[in-house]
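Chains A and B supply the protein sequences, listed in that same order.
So the first sequence is numbered by this note's numbering: it starts at 1 and just counts up by one.
So the second sequence is numbered by this note's numbering: it starts at 296 and just counts up by one.
Don't be surprised by glycine CBs; every beta carbon is placed ideally from N, CA and C.
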Amino acid sequence: MAHAPIKETIVEKPVWLTSFYFRHKIWTLIVLVVTCLLALLFLGPYLYLLLTSLKPSAEAVTAPPTLWPSKFSIENYRKMFEYLPIGKYFFNSLITAGASTILSVFFGAMAAYGISRFSSITGSYFLLFTLVIRMVPMISIAIPMYMIVKSMGLIDTHFALILVYTSLNVPFAIWLMIGFFDSVPKEFDEAARVDGCSWIGAFIRIILPVSLPGLATTAIFTFMLAWNDFLFSLLMTSTNAKTATVGISEFLTAYNLDLGPMTAAAISFSLPVMIFSFFVQRYIVSGMTLGAVKE
Amino acid sequence: MRLKNGALSTIFFFPAGIFMLVFLVYPIFLLIRDSFYKIDIINPSLREFVGFANYTNSLTSERFLKALWNTVVYIGVAVGFEFILGLILALLLSNAFKGSQFIRTLLLSPLMLAPLVTGIIWKFMLNDQFGIVNWGLYKLGILSDPHQILWLSDSRFALYSTIIADIWLTTPFIMLVLLAGIKGIPISLYESADMDGANKWHKFRYITFPSLIPVATVALLIRMIDAARTFDIVWVLTQGGPGFSSELLSTYMYKTLTRYGEVGQSSAMAVIFIIILLVLSSFFITKMWSPRRRHS
Chain A
1 MAHAPIKETI VEKPVWLTSF YFRHKIWTLI VLVVTCLLAL LFLGPYLYLL LTSLKPSAEA
61 VTAPPTLWPS KFSIENYRKM FEYLPIGKYF FNSLITAGAS TILSVFFGAM AAYGISRFSS
121 ITGSYFLLFT LVIRMVPMIS IAIPMYMIVK SMGLIDTHFA LILVYTSLNV PFAIWLMIGF
181 FDSVPKEFDE AARVDGCSWI GAFIRIILPV SLPGLATTAI FTFMLAWNDF LFSLLMTSTN
241 AKTATVGISE FLTAYNLDLG PMTAAAISFS LPVMIFSFFV QRYIVSGMTL GAVKE
Chain B
296 MRLKNGALST IFFFPAGIFM LVFLVYPIFL LIRDSFYKID IINPSLREFV GFANYTNSLT
356 SERFLKALWN TVVYIGVAVG FEFILGLILA LLLSNAFKGS QFIRTLLLSP LMLAPLVTGI
416 IWKFMLNDQF GIVNWGLYKL GILSDPHQIL WLSDSRFALY STIIADIWLT TPFIMLVLLA
476 GIKGIPISLY ESADMDGANK WHKFRYITFP SLIPVATVAL LIRMIDAART FDIVWVLTQG
536 GPGFSSELLS TYMYKTLTRY GEVGQSSAMA VIFIIILLVL SSFFITKMWS PRRRHS
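And the structure:
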């Protein structure tokens with residue numbers, strides 16, 4: 001029961017649409033071809049980046065451009081380490097995204113549980129607030145955030161980015177977790193209470209374990225938001241805590257004629273994520289559609 | 296269960312509330328306050344109350360209005376194309392055939408891609424010297440010279456080039472949400488339509504499309520807000536240039552803050568921006584949200 005939101009993602013074999021929409025084989029064939037073409041259109045650019053990163057460094061910027069590498073080479077991947085301390089940038093990204101994910105998922109889940117179980121109208125206004133926060137352009141909130149971080153003396157520290165990412169992600173985590181907690185029957189925590197658990201105890205021992213899929217979904221999203229962030233890192237870091245996104249973007253300005261290593265860095269940054277999201281896409285689908293399609 | 300509910304709710308909300316208060320509510324308060332001051336970022340002790348001067352400066356500045364207009368164009372064109380393409384893809388993928396599941400999975404992976412990487416991909420492909428887009432168009436005979444279109448450095452095309460990258464990145468999101476909406480339509484509706492002898496177009500026009508409206512509204516709202524906030528893609532591709540031809544409110548605000556150090560001015564722009572977004576989206580919110588709805 002607790003897993004309901006995951007399972008109702010997308011029906012695996014929608015036989016009814018096949019039979020009602022497209023009855024004939026020829027239609028199915030046309031649909032197949034068009035779909036494949038469109039899929040290629042959306043995957044092509046990324047595959048092109050991948051192929052480019054595997055070309056010899058000079059071949060990445062030739063005119064006319066080549067599609068297929070003349071020979072596969074890891075030269076770009078070697079060079080990217082020589083040009084910039086890219087390993088350190090990746091480490092910074094991992095630390096800040098990881099820590100902020102743990103914090104925002106835990107605090108977000110707590111708040112969502114409180115709203116889901118103990119309040120009606122006030123909780124709904126908290127939700128409205130999270131919705132409004134989502135509408136605030138990041139750049140505008142970045143201005144005063146920068147001033148606050150500066151006055152705390154935290155500019156260019158991991159801690160500053162962790163604080164910022166956590167704050168940005170907490171409303172989102174609440175929003176996502178509410179849906180999952182609402183689907184956990186109240187009898188679960190009531191039973192735990194009868195057995196002598198405190199509310200906090202019931203939350204940690206009963207509710208969190210049964211909403212593990214929800215926690216995973218939320219964690220994936222909050223991690224991605226922090227991992228992919230460019231703006232706040234650009235604004236708040238300079239040397240010490242600079243993350244990979246800002247590091248990669250520096251190839252554009254610093255090595256304008258040797259873009260091969262930049263493609264290698266972009267691939268190293270995103271390929272693990274792409275592969276990962278391929279395997280956990282069930283969770284991604286449920287997370288993305290939960291807020292939009294529920295009710 | 297009802298006893299002390301308010302207190303319990305507060306306890307659970309407390310840690311998250313602290314974060315939101317210190318780093319979201321307080322900043323917005325600072326933002327509004329600063330928008331009435333003239334502030335030098337180098338020397339923050341220089342603060343001078345200027346009333347609404349920052350606002351009138353922005354609203355009468357040609358560059359601000361240009362950035363505002365560009366943002367509107369960006370939202371309209373990007374979200375419009377994303378919706379149409381997303382709808383087509385969702386309708387196609389809602390048909391079960393061998394491999395449709397796999398294609399859907401493939402289309403989902405780019406959703407996790409950083410906007411920055413998207414910017415880099417398209418910066419690469421749209422390059423007028425060695426970019427594959429121009430060479431492809433040349434080989435197809437559409438262009439007479441592979442260096443003919445300066446996608447990113449011609450002021451006529453720069454904004455639309457950034458929009459192409461945006462469409463590429465987020466159409467799968469719209470597709471996904473609409474696909475989930477299509478799957479939620481009860482089969483019985485199609486069955487009874489079939490008995491009435493409805494054709495494919497009728498079924499789309501009178502069943503699929505109306506059923507999708509609530510879902511589509513939410514998807515469009517989310518995308519509109521996100522498109523309005525776009526920064527990374529445009530920053531990587533053009534930095535708002537050439538000239539101010541692809542300048543969006545977000546890039547203009549960033550420059551006002553970091554290059555010109557005018558905190559007060561950029562704050563005023565941010566407040567105007569937030570107000571516009573709130574007015575636009577309050578229409579959607581009142582339609583889809585009411586405080587009692589969740590518990591009814």
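Compare the C-beta of A:Pro185 against all C-beta atoms of chain B and say whether one is closer than 9 Å.
In the first sequence, the residue the question calls residue 185 of chain A occupies position 185. No, its Cβ sits nowhere closer than 9 Å to a Cβ of chain B.
Identify the continuous alpha helix (DSSP H) that holds B:Tyr332 and give its terminal residues.
For the purposes of this step, residue 332 of chain B is taken as residue 37 along the second sequence, with counting starting at 1. Taken as a continuous stretch (DSSP letters only), B:Tyr332 belongs to no alpha helix (DSSP H), being part of the beta strand (DSSP E) at 332-334.
Verify the contact flag: B:Thr512, CB atom, against every heavy atom of the ligand PLP, threshold strictly below 8 Å.
With respect to the ligand PLP, the structure shown offers nothing to examine, as it has no ligands at all.
Where does the unbroken beta strand (DSSP E) through B:Arg342 begin, and where does it stop?
The residue labelled residue 342 of chain B in the question sits at position 47 within the second sequence. It spans 342-344 - the beta strand (DSSP E) in which B:Arg342 sits, taken as one unbroken run.
Here's the rule: buried if 16 or more other CB atoms are within 10 angstroms of the residue's CB, otherwise exposed. What is A:Ala191?
If you number the first sequence from 1, residue 191 of chain A lands on position 191. Result: exposed.
For a contact defined as C-beta to C-beta under 7 Å, what are the partners of B:Gln424 on chain A?
Taking the first residue of the second sequence as position 1, residue 424 of chain B is located at position 129. Per Cβ cutoff of 7 Å: Ala63.
Rounding to the nearest angstrom, what Cα-Cα distance links B:Met315 and A:Leu37 in this structure?
Along the second sequence, read from residue 1 onward, the residue named residue 315 of chain B stands at position 20. Along the first sequence, read from residue 1 onward, the residue named residue 37 of chain A stands at position 37. Approximately 45 Å, taken between the alpha carbons.
So, do the segment 192-204 of chain A and the segment 97-106 of chain A have three or more beta carbon pairs nearer to each other than 8 Å?
Counting Cβ pairs under 8 Å, fewer than three are found: no touch.
Given this structure, state the Cα-to-Cα distance separating A:Phe221 from A:Ile284, to the nearest angstrom.
Translated into the one-based positions of the first sequence, residue 221 of chain A becomes position 221. Translated into the one-based positions of the first sequence, residue 284 of chain A becomes position 284. Answer to the nearest angstrom: the Cα atoms are 8 Å apart.
Can you tell me whether B:Glu557 is helix, strand or coil according to DSSP?
Counting from one through the second sequence, the residue named residue 557 of chain B turns up at place 262. Note: B:Glu557 maps to strand in three-state DSSP.
Is B:Ala475 close to chain A, meaning its C-beta is less than 9 Å from at least one C-beta of that chain?
On the second sequence, residue 475 of chain B is found 180 positions in, with the first residue counted as 1. Answer yes: the Cβ-Cβ gap between B:Ala475 and chain A drops below 9 Å somewhere.
Rounded to whole angstroms, what is the Cα-Cα separation between A:Ala142 and A:Val149?
On the first sequence, position 142 is the one that residue 142 of chain A refers to. On the first sequence, position 149 is the one that residue 149 of chain A refers to. C-alpha separation (whole angstroms): 10 Å.
Closer than 7 Å, Cβ to Cβ, to anything on chain B: give me those residues from the segment 102-120 of chain A, in chain order.
Those would be Phe107, Gly108, Met110, Ala111, Tyr113, Gly114, Ile115, Phe118, Ser119, Ser120, in chain order.
Would you say A:Pro171 reaches chain B, if we count a Cβ-Cβ gap shorter than 9 Å as a contact?
Reading the first sequence from its first residue, position 171 is the one you call residue 171 of chain A. So, interface residue.
Using 9 Å as the threshold, is the C-beta distance between B:Ile528 and B:Glu377 below it?
Stepping through the second sequence from its first residue, residue 528 of chain B is reached at position 233. Stepping through the second sequence from its first residue, residue 377 of chain B is reached at position 82. It is not a contact, given that the beta carbons lie outside the stated cut-off.
Note down, in chain order, each residue of its chain lying with its Cβ closer than 7 Å to the Cβ of B:Thr533, except the 5 sequence neighbours on either side.
Locating residue 533 of chain B in the second sequence gives position 238, counting from the first residue. So the qualifying residues of the chain are Leu447, Ala453, Thr457, Ser541.
Please name the residues in the segment 135-167 of chain A whose beta-carbon is closer than 7 Å to at least one beta-carbon of chain B, in chain order.
Taking 7 Å as the Cβ-Cβ cut-off against chain B, the residues of the segment 135-167 of chain A that qualify are Met135, Val136, Pro137, Met138, Ile139, Ser140, Ile141, Ile143, Pro144, Met145, Met147, Ile148, Leu163, Val164, Thr166, Ser167.
Ignoring anything shorter than 3 residues or poking outside the segment 49-94 of chain A, list the beta strand (DSSP E) runs there in chain order.
As far as the segment 49-94 of chain A is concerned, it has no whole beta strand (DSSP E) run of at least 3 residues.
Less than 6 Å between C-beta atoms, sequence neighbours within five positions excluded: which residues of the same chain meet that for B:Leu438?
Here the question's residue 438 of chain B lines up with position 143 in the second sequence. Answer for B:Leu438: Leu432, listed in chain order.
Can you name the residues of chain B whose CB is closer than 7 Å to the CB of A:Ala39?
Taking the first sequence and counting its residues from 1, one reaches residue 39 of chain A at position 39. Here the neighbours are Ile398, Leu401, Leu402.
Counting only C-beta atoms, is A:Asn228 closer than 9 Å to chain B at any point?
Reading the first sequence from its first residue, position 228 is the one you call residue 228 of chain A. At least one chain B Cβ lies under 9 Å of A:Asn228.
Assign A:Glu82 to buried or exposed, taking buried as 16 or more other Cβ atoms, counted over all protein chains shown, within 10 Å of its Cβ.
What you label residue 82 of chain A is simply residue 82 of the first sequence in a count that begins at 1. It is exposed - the Cβ of A:Glu82 has fewer than 16 other Cβ atoms within 10 Å.
By a C-beta neighbour count over all protein chains shown, 10 Å radius and 16 as the cutoff for buried, is B:Asn422 buried or exposed?
Residue 422 of chain B sits at position 127 when you count from the first residue of the second sequence. By the neighbour-count rule (16 or more Cβ atoms within 10 Å), B:Asn422 is buried.
Counting only Cβ pairs nearer than 7 Å, list the residues of chain A close to B:Trp430.
Reading the second sequence from its first residue, position 135 is the one you call residue 430 of chain B. Here the neighbours are Pro64, Pro65.
How far does the alpha helix (DSSP H) with B:Asp527 in it extend, from its first residue to its last?
Counting from 1 along the second sequence, the entry for residue 527 of chain B is found at position 232. B:Asp527 -> alpha helix (DSSP H) spans 527-532.
Roughly how far, in whole angstroms, is the beta-carbon of A:Ala244 from the beta-carbon of A:Tyr89, given that I think they are within contact range, below 8 Å?
One-based indexing of the first sequence puts residue 244 of chain A at position 244. One-based indexing of the first sequence puts residue 89 of chain A at position 89. Indeed they touch by this definition, with Cβ atoms about 4 Å apart.
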